[in-house]
Structures are given as C-alpha cells and as structure tokens.
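See below for the structure under consideration.
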Amino acid sequence: MGKLRNNSAVRAVDEQGQSMSLARQGRFIFFPSDWDTDGDLDLWAVDGVNGRHENEFVFFERKNQSTLMKVGSPLAGFKPWRLGAREVLSLAVADWDGDGASDVILTRECEIDCLPPMAAYLHQTADGNFEDWSHTAASPFADIGGWELENPVAAVADWDGDGALDIILVTRKGTVHLFSWQFTGELVERTNDISMFHIVRNMAHPAVIDWDGDGDLDFVLGSKYGHVEVFLRKDDGSLEEGEKVLSVQQHAHVTANLPQDTARPIAIDWNGDGRADLLVPSTMAEEEETDLVYFERTARGGLQYKFKVRPSRGYFFAAVVADWDGDGDLDILFACSDDVFKSKVQWQLYQQLPDGSLVEGSSPVNDLHDLKYDLQTVRLQAIDLDSDGRSDLLMADTGKWRFFHAQADFRLVEANATLFLPKFPELGNYWLTSFFFADWDSDGDLDLITAPGSRDHGPVRHFDNGYCPLHQACGSHGSCSPVSGRCRCFSAYALADCSGCSKGYFDADKLNVSVPAKNLVRRCSACPGVPDSVPCSGRGTCNDDARVREQLLTISENRSLYHYHGDGICNCGSPFSGERCETGLCSPGQKYVQGSLWHCEPCMPGSFVADTGLQGYCNLCTGNTYAPTAGSSQCLPCEGKWWRSEANADNTACSASFLNVPTCAVFLLLSSALCAVLPHLVNRPMTIDDVGLKDGKVLLSICGRHWLLKTCSVTFRDTGHPMLDSQKFLAKPHNERQLVLCDLLGVPLTIQVDTSQGLCNLRWTDSLFRKGLLSTPFSLCFVLLMSAMTAAFLLVHAVFSNSGISGLEALMILAGGLVAAVVHWWIHPGKRSILRDLDRFAARLKPQVRPAMCQRGPDRALRLGQLQDLYEFFSLYIRDRNMYYLCSNIVKPLTFADKLSYAELVGPSSVQWFCSHFWGMPFLHFIDCLKGHAATEIWICTFSNNQWKVAEELGSQVEDSSFYLALHGSTCCGTLFVLDEKALPLTRSWCLFELYQSALLYHSGGPFQGILLGTSTGVMNYGQSSLDLALKLCKTLSTLRLQDATASCDKDKRMIDEAVSSHPGGFQAVNAFLIDAVKSALQQTETRFKEDFAQLQQDLAQSWPQETEASPEETEPSRTEMSTDPDFSNPTMLVRFLHAVWRN
C-alpha cells in the first residue's frame, strides 16, 4: 500500500524566469501532455484573466521537476467561438485522428440551447499549428448536441480498451455520456482517374514484388496462354507498360504437363540472390498430374529453367511458398487433391534443405474436407497478417475467406478471418477472382489487388484504406494524388497535409490557428524573387518559416516551433545587397558559384580571376606561372633572381627547375664559343712575334694562330723597320702561326727583313673570312652561334614564360666570356716571347746597377762583358741579325722606361777604344771582332747614344756630336773599324767622319794610336784575320772612294762632307790615311801568315821522317799513287796546299 505525499511545490515562471501566479481572476483549466515530445509532461492551460467570458490559452514547458516556464502558446489569440460566447469549460489534448500529432478538444459553457458545435476540435497540422475543424464532418462532435449536454466537460481516453480513443462528457446535471470511436476499416476501391491499374485481362492471377530492385513494389500478372507480364513502377508511382517476361508454352520441352490455359505465378526470391524468381504451377484440369516449375532470374534479367516439383498426393492448382518450418529456408506447400472435382484439399509440404534440394515433409496444416466447391476455386497467399514474424495462410474458398494462423510451433490453425482482414465491398464474381494483399501504396496498411480469374475479360482492381482518409487532409492548399493517395501541395505550400509554407515562403499573418469555416486560413507569401526565380536571387537566404524553425532547432531540439514565423526579409550573402540581393559583384580572385546559394568563392591556389564580376569559373594558371594562395587575382610568373624556377603540377608553388643545369651548360658553352669568335671579327691587329728571312723567304710569325684561309693584304706598324711600316704586302698562310710575306704581285720577299715587334693589320674584308671551327669562317661561326644563343634564349623564354635572364645564367655567360678569354690568352699570348725575355733581362739588371744619366761622349763606353751578356741572353732572337734589329727590338725596349742610353742603363765606363761599324752588319760578326780586339771599354754608338734623343746626340755641329766627343776623349786610345769583306762601314758617312777624326787625332801626336781594322776572325793589325778575308778586304778597299759614302740623312752627309773637304788634303788625305792603315794591317797579316806557315812546315817535317833505302819497286810509285797524293818536294805545290788548308 502507498499514499500520496506532497514532495515540493511546482513553480510557474514567465519567459524571463520571473515567478507568476495562475488563476489570477478566473478559473484555471489545465491538461498535462508531452507536447514538445522531449520525454516529460508539459502543461496546457486556459486561464480566465480578464473576466468571465475571456480566456487566455497558455502553455508551460517543463524545465525541471519543480519548474514550469510559460512559452508562446500554440493557441495564442485564438477565439474558438463568436464574441460573447461563454468561457471554456474543459481542455483535452490527444491524438484523436491517429495521425501521430496531438489534437486539442475544447468544450464551452452552454446553458439554454446547446447547438453544434458544442465543442471545438482543433486538428494539429504537420507544421505544428492548428486548423479549426469544429464545423467539418471530421470533428468528433459533428453530430453531438442537445439540451441534455449543456455545459459539458470533456475527457478523452481509451475507455473500452479497443485501441481507439473515446470521449467522456460530464454535464452540469451530473450525467455522464460515453462516445466510443467506431473504426470501420473498410477498403475503398480506387476507380477511374485515381486508380493506376488500367489493365484488362482474363484468367489473370496477380502478384506483387520489387522486380527491378529499386525499392518500389512492381506488379506481376499471369494470364491466359501461360503469359507472365511485369509492370514496373515509375518514380511518380504510376505503372509502365507491361513487359512479357515469360511464355510458358515456349518451354514445352521441359515437361509435357506445362499449363496451356493460364499462369499462376509465384514471385519470390527463391535462391536468395536479391533477384525475384518465378515458380509457375500447371493448372489444366484435363491432366492427371501437374508440376511446379522453377524459373531462376539471371544477372541480365532473363528467366532460366532450373527444376520442377511434382507433388505425390495428386493434382494441384495452387501452391504457396514460405518458411513453413521456421528453419530459414523457403518451403513449398501444395493444395492437392486426388479428385479435382471433390470438395477436399490434401496438403503436401516440400521442405528445402541447406543444399537447395527438396524433400517431402510433414504438412503444417490439416487436410480440408469442407470446400464450398472444388479445388479449382481455391486461391492461396502466404502472408503475415498479425506481424508476428511467422507466415500465415490466407485462402479464398468460393467467396469465403479462410485464415490459418501460424502458431509458435509453426503449425497452421484456422481462425476467424474477419478479425484480421479489412472490410471491402462486394467483388462481384467473387469465387473466380484472384487476389493479392500487399501494402501497395506504402501507407502502413494492407491494400487488396484483384484480377479476373474467369475466361471473361475484366479489369485489375485496387482497394485501399489510406487514400486521403481525412476530409481536410490537404486543406485548401493542395489536392489528393490519384496515384499515391497523398497530398499534392500547391505552390508555396508543403508538408504532408500542405499546412506549412514551403521554402521561399512565409506566413505574413503569423496565423497559428486557421479556421477554414471563417475563411481564416494560412496564406503563404513569397520571399523576394519568388515565384519567378529563386528566393533572394539565389544569393541569400530568405527569412521564411522553414529557415526560422531550422535556426531554432539548432538552439534547442525540444523547443516548440509552432508560433515562429519568418518575415520574408532576404539575408544577403557578401558582397550582395538589395531587397532581392540583386546587386553586388565578386571581387577579383573570386568566382561566382552555386552551392546552397550563389556566392563568391575564393579561387583555389593555382587559379585566378582578374576582374570584378560574376565569372563562374577560375582561370587556371598556365605556363610557368603560379598562384600560391586562395583568392588570387593574378598568376605570378615563376621568377628567380639567381636561377630559373618552374611551377609545380598544379601551379601553386615555384621551385628551382632541374633545367637550370642544362640551360646554364648551354649558355656557358655558347657564350664561350661566341666570345672566342668575337675578337676575330673586330679586326684586331695581329701581334708580331717575329719577322725574318728563312729558307729564302720572309716568314711572319704571329703570337698565336692567324686563322687565315687565303692570301690577304696586310700592313704593319710599330715594327721599327722602315720598309715594313711604310708599305703594303700580301701574306700567304704558311702554317697556323706563320705567314709568307710577298709583294703586291704575290712574289715572296727574299730580302733581309728582321723585327720582333709591332702589329700586323688585316683588311677588314679579309678578317671576315678568317677560318674558325672546322675551317668555317668566323663570320659564319658568329652568325650560327648568335642564332643558337637566340634560339636557346627563346626556348628558355617559351618554357619558363618570362623574359630576361637569371643571375646564374648571367654568371654562366660571364664565365663563358672568362673561359674564352683564358683560351684566347692561351692560344694568343698577350706578350711576344721577346718581351717576356726583355722583362726578365731588365729584372736581372735591377739589382746590379741603378740607371743614371751621364754626360754624352767618352763616359758612356761599355765593357765587353756587358755586350757579351746581352748577346748571350738574346742570341735566340739575334741570330745573324744586324744592329738595326738589335737597336729597335732590344736596346730601345730595354731603355724605354728610363729613356736613357743602354750604357747608362747597365753602367757606363770611360772610353778606351772607339768602335766604328755599319749597322747592317750581323751583330754576331760584331761580337766576334770585339772578342779578337780584347778591348775592355768600348764606345759603340748603338749602346752609348741615347736612342730616344738621337737629335740631341748628333748636336747642331759636328763638334757637338757624341761621336766627336767620344773620339776626342782623353782616355780614347784609338778607333776600331769593324769591317766585312765588302768594307760596308766605310761606305757610310758617319764612319767616314769617324775615320777622318781618327786621322786628325793620330797626326796630332797625342796618345791616340790610330785605327785598327777588325773582322769576324780578329783584328788584321794583330795578324788575326784570315788571309782570304784580308785579300778580299784589300781588294775592296783598293777601289773604295770615301767621298761616295752615304748617310740615312742627307743633312748629315753634307755636314760630314763639308768637314772633310775643309781639312787640308780633304778626301785625298783621308784616303791616304786609310791606305796606310790597310798596308800596315796587311803587313801584320803577312808576317803572321809566314810565321804560321813556317811552323806548319816544321810540324809536317817532324811528323813524316824520310826512309833510307827502298827497292826500285817501292821508290817508283804507281800511276795511281802519283795522281792522288801531292808532291811536297815541289815548293810551289806545298805552298798551294798549305794555303788551301789555311783557307779551310
């Protein structure tokens, strides 16, 4: 036993959480209900606050065990009756019409004449609001009224426990009235336009199954001649034209007992592969035996025969397939009879084993012996009518429904069929009608599909109990679909009963309770842009009813949404604005795309939009460009300062390209080749390494290669050779480094031309055809290389889509130039070989002596050792060359820096001997002569005169010249004339001057010793000269006239000639002095020769002693001996022999 106890007070608060009192001025009527379906009870109430006849409908939402919060009422502002009506007496909330939503029932005060409607019936619509159905036939109070029901108070409950709600009314007089709900459950036939079965057949047998596997039930129909057709269901619920999937007669080879009159297909997935198969029994009454043939559905949709089953208990017309034994496999239950015209059924069960084979089993149902007619009228269907998971058996027996209910042990026990089957109207020729029960319209209850089983043609019929069952199901906002039995809402309305506003529409009146009887109905207004277009131009969301409630659901799932409505204002997405969001453009870097709304979406990395607008796509970055971030307005070129970069596959980033290596290699190679070619095109002068006579022709040696292909015109400058610097020549290639100099007629020069300095200039047109790689002219090489460089640059530009060159490429080009310069320097040395040796010689002199200027004349003499050092160091260049070569190519370059004489450069001495010589004489001859003289300090004009100040050295008068001063020096002992066999020095005016001055000094009686005649074999005055050379020299001097001497400068010749002529005796006196000197030299030569000859005779006599005795044969020489050996007994012969030996 228990008792009630007051646990705690329940506090009511308003929406701000402030406490409030109930029943402030009138009666307070309430009803508990879980209205917001959050699992706890809320409170409905009618509060009389302003007097007797005005009521306020309030709703309290349960917050916790002790708190009720007042929220917006679904019935706020509702006035159920006319003005002046009495107050509400009772309030009840229940799902009266069984649609899953709670309805509200209100009763009112009614004292004198209580006419209908005595109560208000508020039907809850699908959107949570209400429609006042008080004045419709759907109201449970439509026919209730009368004086005996005045002032009723209503309560709703399942009073009789039949599963349907009942109404209990208690009047003021205390009487209680019970009104029970009577559900007829009768199936109504769909006809005409509301039926989807417009099929006429005879001897037809229906079945329903999902034939195409799309989730919708399709219609299978067997008919006369054994045809089976399938009618597939469309998306809108209607049926397609029938397709014949099986003609049993075409399978006559399977069994001789195939049906010939009709087909009664059993559509079921027999093998569990997800595809519907067919089992078709034979039903010809004339046959004594029949078969059940199984056709398996193939993967391609066709039907293929697999097996047949023939029951052993007799003939059969019908069979049912289900799991009759509860083992999970389908079994076959046959309704057989050994006499088809008797009123009995002998049941035979074939159970399916796990391997798919069939064995006979115990029947789950007892045989029948009370058929109304015979076996031909029996129709069967396996169906679970009570939803217990076990298949029941439904049989039509000549207009009578017989139901066999499956028990827990799967036995089938006959039960009252009316308790399980819905009611339906008379079917006409019922005993020959085939049937099939299924939830065809998917509304949760069974529909009945029938077909004529007789030989008379008839339609397929459809009966259902869910076809727009409520009178006001679609209200005034839609119509009931004849195909689906559901509401088809008009534009602007939605939900199953068309009670809500569809997306893009809103209830401007914010009507929570509509009253169709008073034309007070919900009218959905369009959002801006609807219905001509999408709401808010598709660029924003309209604040419609649906959106407002969706937003509230994100706040609280349990909060009631019935009284919330939108205002139809567009919430435009950025950057759009306006009443319909009609203005606005996407910024650069954004595309205009449609998702749930049209909006501006940043372009992905690797793409861009350049301009403001409504472009619906992003331009992809192409070539060597990239866009690293989303929302880019342009693609950036992949540019590197030092190396080339390339975009990745999706153009979102740049990295150093692997092509930098081959690109730099190509630029390095091309720039090296181009820079190597370029110097040859600017017609740079060729540096002369050497010019000299060799093998009878003048060879011009170049520092490096000359690259010439053919004979070309050349000129020279700065060679120090007057003829070279003043004329034009032709040059023929001799080898890679040497050219043969020719005159303008192409004849090679044979004269002595020597120089190791200067430049050789080519004609510009000839320089263009200088050969290059593979003997290709440099001009063509340059064009080809420039073309290759340009092509390489254009190719790189095309690959990387940008201009300019990278720093690495520029470095490679510079490096190529540097490589070319190194190679050019290697092939074409910057200095001539003689210049390098000049530098080395000058460097060797620096530690030995410090160059200093001294007075012209006798103090600028050289020591013989200094000359020998010079010759030995430069002997490779001097060879047989003369003083002209030595002065221009060795002396002057050595003294260039100090602008002194060579003697001042190496350290001067006081003169002992003055040397007179001819510059055209080989320098080697000159050195040999000096060695024979053995003088220590010698004054030589080439080395003692400052070659940079020749005019100053010569002076304005003969007496001012350095020659005069040196000869008249106090230390000068004499003059050494260096002569060749042609006595060329005496053909020069300055040598004549020196001879003249020597004669004067000799005759003056001083220490001056006169002149000595020197040759390459020695000094004649010392008897050192060869006899042949002395004879030749004397012969030349015998015909020499000093007055015929010449000079390079006419002024010098005139000056010298005048000086000699003015002397007493003139040229005759000078000639006499010279002849005396020659005589003296010859006498010394003769004396020395005689001495040498006498010594030779003595040496020969000692080497060949005379033999004493000899035989006649030995003393008499043979002719051969006499003709080959000289006769030394003859003095003349001996003299000649010795002369020849001496000469050789």
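Each residue of the sequence shown is one higher than the one before, starting from 1 at the first, in full-length UniProt numbering. Even glycine gets a Cβ: it sits at the ideal position worked out from N, Cα and C.
Give me the Cα-Cα distance between V13 and F60, rounded to the nearest whole angstrom.
The count along the sequence shown starts at 1 and reaches residue 13 at position 13. The count along the sequence shown starts at 1 and reaches residue 60 at position 60. C-alpha separation (whole angstroms): 9 Å.
Fully enclosed by the stretch 479-562, which alpha helix (DSSP H) runs are 4 residues long or longer?
545-555
Taking contact to mean 3 or more Cβ pairs, one atom from each stretch, closer than 8 Å, check whether the stretch 904-919 and the stretch 932-943 are in contact.
yes
Collapsed DSSP secondary structure at M853 in the structure displayed:
Start at 1 with the first residue of the sequence shown, and residue 853 comes out as number 853. The answer is coil: DSSP assigns M853 none of H, G, I, E or B.
Cβ distance (whole Å) where G326 is taken to contact F410 below 8 Å
One-based indexing of the sequence shown puts residue 326 at position 326. One-based indexing of the sequence shown puts residue 410 at position 410. Yes, G326 and F410 are in contact; Cβ-Cβ is about 5 Å, under 8 Å.
Out of L1074, K892, S514, D743, which one is the CA nearest neighbour of A76?
On the sequence shown, position 76 is the one that residue 76 refers to. Checked all of L1074, K892, S514, D743; the closest Cα to A76 is S514.
For W643, which residues does DSSP report across the bridge?
Here residue 643 refers to the residue found at position 643 when the sequence shown is read from its first residue. W643 pairs with nothing; no bridge assigned.
If distances are taken between C-alpha atoms only, which option among G589, E953, H565, G595 comes closest to G573?
Locating residue 573 in the sequence shown gives position 573, counting from the first residue. Among G589, E953, H565, G595, the Cα nearest to that of G573 belongs to G595.
Just tell me which of Y373, Q1043, I332, S767 has its CA closest to the CA of S391.
Taking the sequence shown and counting its residues from 1, one reaches residue 391 at position 391. Of Y373, Q1043, I332, S767, the residue nearest in Cα terms is I332.
Closer than 6 Å by C-beta to L967: which residues in its own chain qualify, once you throw out the five before and the five after it? Chain order, please.
One-based indexing of the sequence shown puts residue 967 at position 967. Cβ neighbours of L967 beyond the five flanking positions: F914, Q997.
Using CA coordinates, which residue listed in G128, S989, E56 is at the minimum distance from D545?
As a first step, residue 545 is located in the sequence shown; it is residue number 545 there, counting from the start. Checked all of G128, S989, E56; the closest Cα to D545 is G128.
What are the boundary residues of the alpha helix (DSSP H) that includes M118?
In the sequence shown, counting from the first residue as 1, residue 118 sits at position 118. Per DSSP, M118 belongs to no alpha helix (DSSP H) and is neither H nor E.
Quick one: what does DSSP say T687 is sitting in, helix, strand or coil?
Taking the sequence shown and counting its residues from 1, one reaches residue 687 at position 687. Of the three classes helix, strand and coil, the one that applies to T687 here is strand, per DSSP.
Where T1015 and V978 are concerned, what is the direct C-alpha to C-alpha distance, given to the nearest angstrom?
The residue given as residue 1015 occupies position 1015 in the sequence shown. The residue given as residue 978 occupies position 978 in the sequence shown. Spanning the two alpha carbons is a distance of roughly 6 Å.
Leaving aside the five residues before and after A788 along the sequence, list all residues of the same chain whose C-beta is less than 7 Å from its C-beta, in chain order.
Indexing the sequence shown from 1 puts residue 788 at position 788. Around A788: L670.
Compute the Euclidean distance between the alpha carbons of S888 and L867, then round it to the nearest angstrom.
For the purposes of this step, residue 888 is taken as residue 888 along the sequence shown, with counting starting at 1. For the purposes of this step, residue 867 is taken as residue 867 along the sequence shown, with counting starting at 1. Between S888 and L867, the C-alpha separation is close to 16 Å.
Please name the residue in W440, G606, C654 whose C-alpha comes closest to that of W643.
Within the sequence shown, the letter at position 643 stands for residue 643. Nearest C-alpha to W643: C654.
Taking only the alpha-carbon atoms, compute the straight-line gap between L976 and G692 and give it to the nearest angstrom.
On the sequence shown, residue 976 is found 976 positions in, with the first residue counted as 1. On the sequence shown, residue 692 is found 692 positions in, with the first residue counted as 1. Cα to Cα, L976 sits roughly 29 Å from G692.
To the nearest angstrom, how far is the alpha carbon of S1025 from that of W825?
Taking the sequence shown and counting its residues from 1, the one referred to as residue 1025 is at position 1025. Taking the sequence shown and counting its residues from 1, the one referred to as residue 825 is at position 825. If you take the alpha carbons of S1025 and W825, they lie about 50 Å apart.
Q25 (DSSP reduced to helix, strand or coil):
What you label residue 25 is simply residue 25 of the sequence shown in a count that begins at 1. Bear in mind that a pLDDT of 49 at Q25, under 50, signals an unreliable position, so the number given afterwards is only what the model happens to contain. Coil, per DSSP.
Element boundaries [alpha helix (DSSP H), containing A676]:
Position 676 of the sequence shown, counted from the first residue, corresponds to residue 676. Unbroken alpha helix (DSSP H) run through A676: 660-681.
Just to confirm my understanding: we take W598, look at its own chain, exclude 5 residues before and 5 after, and list those with CB closer than 6 Å. What are they?
Locating residue 598 in the sequence shown gives position 598, where the first residue counts as 1. Counting only Cβ-Cβ distances below 6 Å, and skipping sequence neighbours, we find G538, R539.
Is the stretch 701-709 touching the stretch 840-849 in the sense that three or more CB pairs, one from each, lie closer than 8 Å?
no
Would you call N1021 buried or exposed, if buried means 16 or more other Cβ atoms sit within 10 Å of its Cβ?
Here residue 1021 refers to the residue found at position 1021 of the sequence shown. That one is buried.
At what residue ranges does the stretch 867-912 contain a whole run of the alpha helix (DSSP H), taking only runs of 4 or more?
883-886, 892-895, 902-906
Quick check on residue 1152: buried or exposed, where buried means 16 or more other Cβ atoms within 10 Å of its Cβ?
Look at the range of the chain in this structure, 1 to 1144, and you will see that residue 1152 is not part of it.
Just to confirm, are S756 and D689 a CB contact at a threshold of 9 Å?
Locating residue 756 in the sequence shown gives position 756, counting from the first residue. Locating residue 689 in the sequence shown gives position 689, counting from the first residue. A contact, by the Cβ cut-off of 9 Å.
Please go through the same chain and pick out, in chain order, the residues whose beta-carbon is closer than 7 Å to the beta-carbon of H925, but skip the five residues on each side of it.
Within the sequence shown, residue 925 is the residue found at index 925, counting from 1. Excluding sequence neighbours, H925 sits near D980, S1016.
Closest residue to H348 among L330, P311, S454 (Cα-Cα distance)
Taking the sequence shown and counting its residues from 1, the one referred to as residue 348 is at position 348. Going by the sequence as given, residue 348 is Gln instead of His. Of L330, P311, S454, the residue nearest in Cα terms is P311.
Touching or not, the stretch 216-229 and the stretch 501-509, by the rule of three or more beta carbon pairs under 8 Å?
no
Which complete beta strand (DSSP E) runs does the stretch 152-204 hold, if anything under 3 residues is left out?
153-157, 166-170, 176-179, 188-190
Can you tell me whether DSSP reads A1077 as helix, strand or coil?
Numbered from its first residue, the sequence shown carries residue 1077 at position 1077. Residue state, collapsed to three classes: helix.
Pick from P422, L614, L412, H462: whose alpha carbon is nearest that of S434?
Mapped onto the sequence shown, residue 434 falls at position 434. It is H462 whose Cα lies nearest to the Cα of S434.
Where the alpha helix (DSSP H) through E953 begins and ends
Taking the sequence shown and counting its residues from 1, the one referred to as residue 953 is at position 953. That run of the alpha helix (DSSP H) goes 950-954.
DSSP on Y617, reduced to helix/strand/coil?
Here residue 617 corresponds to residue number 617 of the sequence shown, with the count starting at 1. Three-state result, Y617: coil.
Taking its Cβ as the centre, do 16 or more other Cβ atoms sit within 10 Å of A861, making it buried, or is it exposed?
Counting from 1 along the sequence shown, the entry for residue 861 is found at position 861. Buried is the call here.
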